[in-house]
Structures are given as structure tokens and as C-alpha cells.
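Engineer:
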Amino acid sequence: MLPNIALPVFRSLKIAGYELFPGAGDAGIDRPILPGVTVIAGINGLGKTTLLNVMLRLLVGPFNPQKVNPFEVGAKSHDLVGWKHARRFFRSRVSDGAVHATARAGISIGTHDLTVERALKDLSITYLEYDGAELDPTEAEYGRVVVEATNVAQRYDFDFLVRYLVFFLEHRIPLFWNERGQIEAFRILLCEAQLADDFRKMEDDIRTKDSLYRNHRWHVNSLRNKLLRERSLLAGSSGQAAKIAALSEELQALRTRETDLIKEINSLASERSSLRSSILIRKIELEEATRAAEGLQQGFLLSIFPEMSDTARHVFGSLLSSRGCTVCGNRSARGQLRLQRLLDHGDCPACESPPEEQEQHARHDDLPRDQLEMVAATVARLSKSIAGEEARVRELDSQLRQLFIEERAAKQEMADRLSVLRHASAELPATAEELQALEIQVEDGDADLAVKLAELNALYAQYEDLLAAITARVTQVAEKVKEKFAQYSKAFLSESCSLGQQTYGETLGESRRFTYPCFNVFMTSAVSPEEETERTHTDDVSESQREFIDLAFRMALIAAATSENARSMLVIETPEASLDTYFVKQAGQMLREFAAGESADGNVVIVSSNLASQNMIPALLGLDETIPEDAWPDASQVNARVINLLAEGAPNAALRDRRRFYEEFLEVSTKGRIAYARS
Numbered sequence: 009m010l011p012n013i014a015l016p017v018f019r020s021l022k023i024a025g026y027e028l029f030p031g032a033g034d035a036g037i038d039r040p041i042l043p044g045v046t047v048i049a050g051i052n053g054l055g056k057t058t059l060l061n062v063m064l065r066l067l068v069g070p071f072n073p074q075k076v077n078p079f080e081v082g083a084k085s086h087d088l089v090g091w092k093h094a095r096r097f098f099r100s101r102v103s104d105g106a107v108h109a110t111a112r113a114g115i116s117i118g119t120h121d122l123t124v125e126r127a128l129k130d131l132s133i134t135y136l137e138y139d140g141a142e143l144d145p146t147e148a149e150y151g152r153v154v155v156e157a158t159n160v161a162q163r164y165d166f167d168f169l170v171r172y173l174v175f176f177l178e179h180r181i182p183l184f185w186n187e188r189g190q191i192e193a194f195r196i197l198l199c200e201a202q203l204a205d206d207f208r209k210m211e212d213d214i215r216t217k218d219s220l221y222r223n224h225r226w227h228v229n230s231l232r233n234k235l236l237r238e239r240s241l242l243a244g245s246s247g248q249a250a251k252i253a254a255l256s257e258e259l260q261a262l263r264t265r266e267t268d269l270i271k272e273i274n275s276l277a278s279e280r281s282s283l284r285s286s287i288l289i290r291k292i293e294l295e296e297a298t299r300a301a302e303g304l305q306q307g308f309l310l311s312i313f314p315e316m317s318d319t320a321r322h323v324f325g326s327l328l329s330s331r332g333c334t335v336c337g338n339r340s341a342r343g344q345l346r347l348q349r350l351l352d353h354g355d356c357p358a359c360e361s362p363p364e365e366q367e368q369h370a371r372h373d374d375l376p377r378d379q380l381e382m383v384a385a386t387v388a389r390l391s392k393s394i395a396g397e398e399a400r401v402r403e404l405d406s407q408l409r410q411l412f413i414e415e416r417a418a419k420q421e422m423a424d425r426l427s428v429l430r431h432a433s434a435e436l437p438a439t440a441e442e443l444q445a446l447e448i449q450v451e452d453g454d455a456d457l458a459v460k461l462a463e464l465n466a467l468y469a470q471y472e473d474l475l476a477a478i479t480a481r482v483t484q485v486a487e488k489v490k491e492k493f494a495q496y497s498k499a500f501l502s503e504s505c506s507l508g509q510q511t512y513g514e515t516l517g518e519s520r521r522f523t524y525p526c527f528n529v530f531m532t533s534a535v536s537p538e539e540e541t542e543r544t545h546t547d548d549v550s551e552s553q554r555e556f557i558d559l560a561f562r563m564a565l566i567a568a569a570t571s572e573n574a575r576s577m578l579v580i581e582t583p584e585a586s587l588d589t590y591f592v593k594q595a596g597q598m599l600r601e602f603a604a605g606e607s608a609d610g611n612v613v614i615v616s617s618n619l620a621s622q623n624m625i626p627a628l629l630g631l632d633e634t635i636p637e638d639a640w641p642d643a644s645q646v647n648a649r650v651i652n653l654l655a656e657g658a659p660n661a662a663l664r665d666r667r668r669f670y671e672e673f674l675e676v677s678t679k680g681r682i683a684y685a686r687s
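For the sequence shown, my numbering assigns the number 9 to the initial residue and increments by one for each residue that follows.
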């Protein structure tokens, strides 16, 4: 017996305060969703996809399935995680950050009524009502009531039904072409909550325990390999100890050599530092002595030629102080000696005139020779000391460079020896006590592995039983799924198309392979017009065929797996672009038939449609030639079933520039049921 799974069905939709959907008179979108087909009509850029995503997120909230690969549905875990775009997906589409924007939906799920309102800025729940009772607006409460109403095992299962059966959007993960997805659909749709939950938990437990088993096995095998290595070392370890002792002695000698080198480097570096300080002090003293000598010489020069100009005093002072000739730059002592000889005799230092020929007679003061000789001796001593110390510093620099080279070489040799020593030490056999402890670890590890493997095998056996139960459920509905698929696919595809039943193998855990039930598809083609051939991969069909096989399969599953009186909903994004002109009408009629459903209230089909040449709107609304004109819906019925984004959406540039064209297009598509006043 199949479970009574109920799918969510929209009864009403209200969007307020969202700039993308200002609505007529800036009142937002606020309308009932009637049984049957509802068309979202618009052009590119008016927000059709955004509106469909509002509907999706009203149901699933700010969560996504946790999965590494989106095509491996349920293959890694059955958990939901926070959607990373929840706080910016709707906010980024408007200028005010959607700070006051809300979306509210009235929803029927089986016999239960639910009202949920979410803030579009972050998808948090702002209002929650269930069967007439207002609840705390929390995700926990929402998850509890949708699981109860849908009759599934957990919120992940509700999320799966919404994403993979109810919604058929542009960026969708295929269900039919995804065997793993088929298994998830069978588990949730065809199994009562307990069986579905047991199967889910069993898969997750097997993955967890298999991972633990493999990790533990790796650890035990590492210990086992170590034990084998130690035993091998023990058998051939006679000369290893002597080799290690020799290496240890070499290493110790290298360490001693390194220590000696460091001491010598530190000693020479200290001496060099002291010398550099001494040289600095000597140079300061030399500067002071040189300046004293210059002062004495220039004072004497000024005393004997008091009328000498500043320029002459500077020139002769430079010669006397050994700074060289200011005219030619020569720094030899020749000029200084000549000047001193002339001054000793009172001759003019410039023209060499004797005193009796001079108009400005020189005074006969004596040169302060004692003071000059003392200062000169100091200058000579300091210059010699500085030269000697600088020579020693250069010598120390050379010695230190060589010592640094030797130190680096010693360090590298030590590192090489240490590496060899460690490798050799690692090859030493363990002691008897260490070997015994290792043997015990391996034995205990093997015992634990045996226990874990037994637990895994027990889980495998239970999983086989659960898988058999699911396979039986698939067999139970297989004929109805095939029948409905053939009916639906005929409306979408020109080729003859049917479903078959088969199995496929998949590994669960590391190596245990199980056989799962699934459906495959057979189709005629241009080269095989009479006989259907199996299409096993998406590359075996065209893109449009792939899309509509997947849609027909979803519709068939819904029809076969839900009870006859249960209502269903499909939300589909712009399918007409992939259809030939003839099949636009066929598909529209088929979606109307699906919307009529088998229940008294009928199903809901919400389809977005672009105002383009491949226009499905007449077929969706029952306004085409397949229906007698007197049976066409009237204007009030059409307006109740069209969410007209030309009127309720924020106009983009295309609509502002060509509004009349698009409005006339919609008028024609609705046979004048939606009309615009013309001035």
C-alpha cells in the first residue's frame, strides 16, 4: 500500500513592498491562485524568474540540500544547510535592499491549510498559520507542520518534493536522467514515512560506518606494516648498531667544530667591533688636532701680514694646513714647504719679495714652532694609529668571511649526518617489549576490524531488505507511471516515446554494490521510425527532448504516486522555447488536462510565458482552435488566471520603449480578454 503523500498547492500569493513588483496602483501583487492553469506573462527582464523563485523560497526557505555534486541527489547526506545567497538574492535586485518587502502564500497540503509569510531581505518567517492556528514564526515550527501535512519523514524529504517534482525551473537538476534522483523520489513518494526514514538513515549509517571502517583499517594496516618492518630489521641488524655509533661520533665531532667556529667568530667580531669604535674616536681626535694646527698656522700668518685679505689668508691657510692648493688642487707638501721657508725669512708668501722691498712690511714675529711640532706629532701619531687599526679591521673582515663559510659548511654537514643517523636509527629493530606491544596493537586492531565489518554486513543485509521493499513499491506503480508518461510525452514530443523498467548498480560505501530499480526511456527516431530504441544518456536525445522527457516523468510520478483525490501543483518556467509550433498547442492542452486532475478541486499549474513568437498562452488558457469558441473562458476568468507583469512589474527599458507593441501582443494572445485602454 502506498503512503498518502500530499504535495503543496498554492491558494494565494501576496508580494508587498518589493520594487520589482509594484503592482497596479503600487499595491503589490495580491491575488488568489485558482485551480487550473495560471500564466505569468511578461518579457525578458520583468522578473518572471524572480517571481518563480519567490514562490520556491516561500516553500523551502533559506536552505539548500547539502551535497558535493548537485547531480548526486542524496548520495552524500540527507541534510539541509543554510543557503549562502539568502541575504542577498532578492535584496540585490532592488534599490532599497528589500528592507520592508514580504511575500505571503496561502497553501493547501492535503487536508491541511498553511499560511506562511517571509521577509525577502533574508527569507526569515514573519507569520505562520496552520489549520487556522497562529504559530511561532520559526523555521522549526514551519518544518514540523510541513512534514506532518506532507506525510514525509523529515524536512529534507519535503524540500526534495518541492525542488524535484513541484518546480521545473530554468536551472534545474534533471530527475529522470539521474538514477540517484529516481531512487530518492521512489523513497519519498512510494514509502510510508517510517520506511523512507529507515532507508535514509540506513544509507547514512552505512556511509558513516564504512568511512570509520576504512579509516581504522588504514591505521591497523599501518601498524601491521610497521610490525613486519621491525621483524625484518631484527633479522638483519648485526652491523647497524656499529654504524649508528660511528655516525654519532662524527656528529659529535661536527658539533664540537661548530662550537669552536662560533667562539672564534664571536671573538673576532668582538675585536672588530672594538676597533671600529676606536677608529671612530681616533678620527675625531685627528680632526681636532688638524684644526688646532691650522689655527696656529693661520694665526701666525695673520700676525705677520695683518693687512692680508681674506682670500689670500684662505689660499695660504689651505697650503699650511696640508689641504692642498686651492688653485690647482695639488695636495703634495711642496707648496707647504715653500710657504714655510718664505715665512721663516720674512719674505712675501705671494711674490717672494724680501722685507726691504715690501711696501707693507711683515712683522718679525717668530713662528710657534714648538706648538706646531707638538700638534704635528699628534696628527702623525693619530694618522698612523688609524691606518693600522683600519688594516686590522680589513684583516678581520677577511677572516670572518672565511669562518662564516666554514660554519655554513659545518652546519650542512651536520644536517646531512643527522639525516643519515635518523634513517639508520629508524632501521634499528624494536626491543622485545616494543615488538610485543606492537603485536598486541595489531591483534586488537584486527579484532576491532572484524567487529566493524560484522556491523557493516548486518547493515548491508538490512539495507537489502529495505531496498527490496522499495523495489516492490516501484513495481506496484510502474504500469501507471508508464501509462501516464506515454500520455504526457505524446503532447511534448513528435517521436513515439515510452518508459521501460530496469535496474542499475551503484556502490554504497567503498565496495559493496547494490541493485536499484529505475526507469529507462525508449524512442523512435529519424533512422528508426518504427522501432523504439533505448536512450541511456542525455547525449542520446536533443536538448528539448531531454527537458520534456524529464517533465513528463515528473508529471507521471506525481499522478501515479499521489492518491486519486489528492491535489498537486506544477510550477514551470517558460517551456515554449523548446517546442515546435504544433506541440505548443499540444503541450498547452496537456498541461490544462493535468491541471484539471482527478480530484474535485483540480490541480494547480503555474507557467511563466514569454511574449514571443512561440506563444503558449492561448493553449494554456484554452483559447485555441482545439476548443469551441463558445467554450472559451471569458475576460474575468482569463484575468483571474494571468499574472500580467506588463501591468504589475516594474517596467524595464524594452517595455518603456515598446509598451504598446507588447500590450497588443498580450491582447492578441488572450483573444482580447486582457485589453488596454487606448487614448
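Heads up, the beta-carbon is just placed ideally off N, CA and C, and yes, glycines get one too.
Note the first and the last residue of the continuous beta strand (DSSP E) segment covering Val155.
Structural biologist: Looking at the DSSP string, Val155 is not in any beta strand (DSSP E); the run it does join, the alpha helix (DSSP H), is Glu147 to Thr158.
Engineer: Do you know how far the Cα of Ser427 is from the Cα of Gln410?
Structural biologist: Each residue's alpha carbon lies about 26 Å from the other.
Engineer: Anyone know if the C-beta pair for Glu397 and Leu269 falls short of 9 Å?
Structural biologist: No, the Cβ-Cβ distance between Glu397 and Leu269 is not below 9 Å.
Engineer: Tell me the DSSP secondary structure of Phe530 in three-state form.
Structural biologist: Strand, per DSSP.
Engineer: Candidates Asn623, Ala574 and Leu578: which alpha carbon is nearest Phe561's?
Structural biologist: Among Asn623, Ala574 and Leu578, the Cα nearest to that of Phe561 is on Leu578.
Engineer: Select from Asp378, Asp38 and Gly50 the residue whose C-alpha is nearest the C-alpha of Pro659.
Structural biologist: Measuring from the Cα of Pro659, the nearest candidate turns out to be Gly50.
Engineer: Quick one: what's Cys333 bridged to in DSSP?
Structural biologist: DSSP output for Cys333 lists no bridge partner at all.
Engineer: Just to confirm, is the Cβ distance from Ala127 to Thr110 under 9 Å?
Structural biologist: Contact: yes.
Engineer: Closest to Asp205 by CA distance: which of Ala24, Ser132, Tyr138 and Pro11 is it?
Structural biologist: Here the closest residue by C-alpha is Pro11.
Engineer: Check Ile23 in the structure and name its three-state DSSP category.
Structural biologist: In the structure shown, Ile23 sits in a strand (DSSP, three-state: E or B).
Engineer: Assess contact between the segment 33 to 48 and the segment 13 to 25, defined as three or more Cβ pairs (one per stretch) separated by less than 8 Å. Is contact present?
Structural biologist: Contact holds: three or more Cβ-Cβ distances are below 8 Å.
Engineer: What is the DSSP secondary structure of Pro626, reduced to helix, strand or coil?
Structural biologist: Pro626: helix per DSSP, three-state reduction.
Engineer: Roughly how many whole angstroms lie between the Cα atoms of Phe669 and Ala662?
Structural biologist: Cα to Cα, the separation comes out at about 10 Å.
Engineer: Taking Phe500 as the reference, give the member of Gln594, Ala24 and Met63 with the closest Cα.
Structural biologist: With distances taken between Cα atoms, Phe500 lies closest to Gln594.
Engineer: Quick check on this structure: which residue in Thr544, Arg664, Pro626 and Ala569 has the alpha carbon closest to the alpha carbon of Glu187?
Structural biologist: For Glu187, the nearest C-alpha among the options comes from Thr544.
Engineer: Provide the residue span of the beta strand (DSSP E) that contains Phe669, from first to last.
Structural biologist: Looking at the DSSP string, Phe669 is not in any beta strand (DSSP E); the run it does join, the alpha helix (DSSP H), is Ala661 to Ser677.
Engineer: Name the one or two DSSP bridge partners that Phe176 has.
Structural biologist: Phe176 pairs with Ile580.
Engineer: Is the shortest distance between the beta-carbon of Glu514 and the beta-carbons of chain D less than 9 Å?
Structural biologist: Structure shown: chain D not included; a single protein chain is present.
Engineer: Leaving out the 5 sequence neighbours to the left and right, which residues in its chain are closer than 7 Å to Leu255 when beta-carbon positions are compared?
Structural biologist: Closer than 7 Å at Cβ, skipping near neighbours: Arg425, Val428, Leu429 and Ala432.
Engineer: How would you label Ala564, buried or exposed, when you count the other beta carbons within 10 angstroms and need 16 or more for buried?
Structural biologist: Looking at its Cβ environment, which holds 16 or more other Cβ atoms inside 10 Å, Ala564 is buried.
Engineer: Please determine, among Lys129, Ala655 and Ala569, the residue with the shortest C-alpha to C-alpha distance to Ile196.
Structural biologist: Of the listed residues, the one whose Cα sits closest to Ile196 is Ala569.
Engineer: From which residue to which residue does the beta strand (DSSP E) around Phe71 run?
Structural biologist: Its beta strand (DSSP E) spans residues Phe71 to Pro73.
Engineer: Can Ile133 and Gly36 be called in contact, C-beta distance under 9 Å?
Structural biologist: Contact: no.
Engineer: Going by beta carbon distance, what residues of the same chain come within less than 6 Å of Thr678, once the five residues before and after it are set aside?
Structural biologist: Closer than 6 Å at Cβ, skipping near neighbours: Val646.
Engineer: Do Pro145 and Leu131 count as a contact pair if the criterion is CB distance below 9 Å?
Structural biologist: In this structure, Pro145 does not lie closer than 9 Å to Leu131 by Cβ.
Engineer: Are the CB atoms of Val549 and Gln688 within a distance shorter than 9 Å?
Structural biologist: An answer regarding residue 688 cannot be provided, because it is not within the stretch 9 to 687 covered by the chain.
Engineer: Note down, in chain order, each residue of its chain lying with its Cβ closer than 6 Å to the Cβ of Asn573, except the 5 sequence neighbours on either side.
Structural biologist: If we look at Asn573 and ignore the five residues flanking it on each side, its Cβ neighbours are Ser607.
Engineer: Under three-state DSSP, which class holds Tyr524?
Structural biologist: Of the three classes helix, strand and coil, the one that applies to Tyr524 here is strand, per DSSP.
Engineer: Roughly how many angstroms separate the alpha carbons of Leu404 and Gly337, rounded to a whole number?
Structural biologist: Each residue's alpha carbon lies about 35 Å from the other.
Engineer: Does DSSP put His120 in a helix, in a strand, or in coil?
Structural biologist: Note: His120 maps to strand in three-state DSSP.
Engineer: Residues bridged to Ile691 by DSSP?
Structural biologist: Absent from the model: residue 691. The displayed extent of the chain is 9 to 687, so no value can be given.
Engineer: Could you tell me which of Thr264, Leu54, Ala567 and Phe313 sits nearest to Glu601, measuring between CA atoms?
Structural biologist: Closest by alpha carbon: Ala567.
Engineer: Quick one: measure Cβ to Cβ for Ile191 and Leu516, integer angstroms, because I've assumed they're closer than 8 Å.
Structural biologist: In fact, because the Cβ distance is near 11 Å, the residues do not count as touching under 8 Å.
Engineer: Which partner residues of Tyr138 appear in the DSSP bridge assignment?
Structural biologist: Answer by DSSP bridge pairing, in chain order: Leu122 and Ala141.
Engineer: From the DSSP output, in three-state form, read off Ile682 for me.
Structural biologist: Correct three-state label for Ile682: coil.
Engineer: Do you know offhand how far Asn618's Cα is from Thr57's?
Structural biologist: Taking the straight line joining both Cα atoms gives about 11 Å.
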